[in-house]
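Q: Each residue of the sequence shown is one higher than the one before, starting from 7 at the first, in the numbering used here. Beta carbons: idealized from backbone N, C-alpha and C, even for Gly.
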Amino acid sequence: MIDITVFAVMAVLLIGYAAVLCNGLRRARQRVHRAWSHLEFAWARRDGELGKLLELCAQDPQCDGEMLERAAQARQALLGARRSHDVGGVNEAEDALRRALGPVYPAAARLRQEHAEAIVQALRFRIRAHEKAIVSYRSGYNEAVQALNARIEMLPETLIAGLCGLKPEALLECTGAPDTDTDLGLAFSK
Numbered sequence: 007m008i009d010i011t012v013f014a015v016m017a018v019l020l021i022g023y024a025a026v027l028c029n030g031l032r033r034a035r036q037r038v039h040r041a042w043s044h045l046e047f048a049w050a051r052r053d054g055e056l057g058k059l060l061e062l063c064a065q066d067p068q069c070d071g072e073m074l075e076r077a078a079q080a081r082q083a084l085l086g087a088r089r090s091h092d093v094g095g096v097n098e099a100e101d102a103l104r105r106a107l108g109p110v111y112p113a114a115a116r117l118r119q120e121h122a123e124a125i126v127q128a129l130r131f132r133i134r135a136h137e138k139a140i141v142s143y144r145s146g147y148n149e150a151v152q153a154l155n156a157r158i159e160m161l162p163e164t165l166i167a168g169l170c171g172l173k174p175e176a177l178l179e180c181t182g183a184p185d186t187d188t189d190l191g192l193a194f195s196k
């Protein structure tokens with residue numbers, strides 16, 4: 007009788023411990039998803055401002071249409087990668103967007119339309135703010151991913167993660183610019 011009771015208590019304790027570990031892993035996974043949502047919000051805000059900038063440049067007959075098309079394609083690639091939560095695709099698309107936007111900023115700074123300078127300066131300010139937010143949110147996302155991945159790699163959580171179907175996440179690493187300053191607005195002339 008005592009053997010059955012001890013076995014039952016041990017089984018309940020083991021199941022309880024596994025449940026606690028599984029819930030901890032799920033909370034870590036939720037932090038990753040929440041950090042991605044913050045990034046998604048900042049990307050969407052920046053994308054809106056970049057769209058305005060490209061529209062403004064498109065109105066200038068001296069602006070290179072091919073340059074604007076490359077920037078538009080890079081924006082679409084980033085949007086597609088974001089929607090599919092493809093971290094590697096986001097890394098590549100962010101880098102492609104930075105390369106494509108490099109010549110757009112000087113072109114925008116040369117606009118001669120009425121009130122264009124004030125509009126470009128306002129866009130520059132907002133884009134810089136969104137870039138800083140993206141850097142901050144990317145850092146938060148990477149910290150959440152590292153915490154989740156560290157937990158998944160440790161025993162016994164690696165066993166529980168396998169049972170719960172949790173897999174390691176990839177880091178967001180843009181190679182085109184350092185994490186500390188990904189400010190696309192720096193390309194604007196002062």
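1. For the alpha helix (DSSP H) containing Leu173, name the first residue and the last one.
2. Just to confirm my understanding: we take Arg35, look at its own chain, exclude 5 residues before and 5 after, and list those with CB closer than 7 Å. What are they?
3. Take the Cβ of His39 as the centre, count every other Cβ of all protein chains shown within 10 Å, and call the residue buried at 16 or more, exposed below.
4. Count the other CB atoms, across all protein chains shown, that sit within 10 Å of the CB of Tyr23; report buried if there are 16 or more and exposed otherwise.
5. Between the alpha carbons of His91 and Ala50, how many angstroms are there, rounded?
6. Reducing DSSP to helix, strand and coil, say where Glu179 ends up.
7. Would you call Leu60 buried or exposed, if buried means 16 or more other Cβ atoms sit within 10 Å of its Cβ?
8. Does the Cβ of Val38 lie closer than 7 Å to at least one heavy atom of the ligand FAD?
9. Roughly how many whole angstroms lie between the Cα atoms of Ile140 and Ala167?
10. Under 8 Å, do Ala41 and Gly146 count as touching if we go by C-beta distance?
11. So what's Met7 in DSSP terms, helix, strand or just coil?
12. Using only the alpha-carbon positions, how far apart do Ala106 and Asn148 sit?
13. So Ile158 and Leu56 are supposed to be a Cβ contact under 8 Å. How far apart are they, rounded?
14. Note down, one range per segment and in chain order, each alpha helix (DSSP H) of at least 4 residues found wholly within the segment 91–178.
15. Compute the beta-carbon to beta-carbon distance between Ala113 and Met73, rounded to the nearest angstrom, for a pair I have assumed lies under 8 Å.
16. Does DSSP classify Gln36 as helix, strand or coil?
17. What's the call for Glu163, buried or exposed, on a 16-neighbour Cβ count within 10 Å?
18. Are Ala99 and Leu117 closer than 8 Å when you measure CB to CB?
A: Checking against the coordinates, here is how it stands:
1. Checking the sequence, you will find Lys at residue 173 rather than Leu. For Lys173, there is no enclosing alpha helix (DSSP H), as DSSP gives it neither H nor E.
2. Leu154 and Leu172
3. exposed
4. That one is exposed.
5. 14 Å
6. coil
7. buried
8. Annotation note on the ligand FAD: not contained in the displayed structure, which lists no ligands.
9. So the two alpha carbons sit approximately 29 Å from each other.
10. Cβ distance < 8 Å, so Ala41 and Gly146 count as in contact.
11. Three-state result, Met7: coil.
12. 25 Å
13. In fact, because the Cβ distance is near 36 Å, the residues do not count as touching under 8 Å.
14. 93–107, 110–115, 122–159 and 163–170
15. Indeed, because the Cβ distance is near 7 Å, the residues count as touching under 8 Å.
16. Shown here, Gln36 sits in a helix according to DSSP, grouped into three states.
17. buried
18. no
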